[in-house]
Amino acid sequence: MALRANKPRLNFKAMRTADVPHGRNGKHKLIVAKILSDLDQIEPGVALKVPLADLTESKEKVRSALNRATRKGARSVATASDDIFLYVWNETH
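When the letters of the sequence shown are read in order and numbered with this note's numbering, they come out as residues 984 to 1076.
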């Protein structure tokens, strides 16, 4: 009878790749989805006023998430902010 070498134990749990979630639902997904939805509905030359108090994360993190989403969707969006609001609008070329 041949001796089998013991396999090293896994450091992490394993699962079938078919069961792995393939979408990324980051913590900013909801606010970014709302902003993009509103941007689809406003006219050129109009900006959204997103109250900073309503954001669960910093305006920098939301801006970054919005930037990733707009690049992925090949959209051109601009932002500005003051102490109270994050302003977002569709850029026109």
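Beta carbons: idealized from backbone N, C-alpha and C, even for Gly. These numbers come from a predicted model, not from an experiment.
Endpoints, the beta strand (DSSP E) within which residue i is located
i, result
"T1075", "Run containing T1075: none; DSSP gives neither H nor E here."
"A1061", "1060-1064"
Cβ-based neighbour list, residue i, same chain, cut-off 6 angstroms, excluding 5 preceding and 5 following
i, result
"S1064", "K1042"
"L1013", "none"
"I1022", "Position check: residue 1022 holds Leu in this sequence, whereas Ile was assumed. Within the same chain, L1022 has close Cβ partners N1073."
Segment limits, alpha helix (DSSP H) that includes residue i
i, result
"E1050", "Rather than Glu, the amino acid found at residue 1050 in this sequence is Asn. Note, N1050: alpha helix (DSSP H), 1042-1055."
Residues near residue i in its chain [Cβ-Cβ closer than 8 angstroms; skip 5 each side]
i, result
"L1035", "K1042, S1064, D1066, I1067, F1068, L1069"
Whole-Å CB distance - residue i paired with residue j, under 8 angstroms assumed
i, j, result
"L1019", "A1048", "Actually they are not in contact, since the Cβ atoms of L1019 and A1048 sit about 11 angstroms apart, beyond 8 angstroms."
"V1060", "V1071", "6 angstroms"
> Where are the alpha helix (DSSP H) runs, 4 residues long or more, that stay fully inside the stretch 995-1030, in chain order?
Replying inline: 1012-1024
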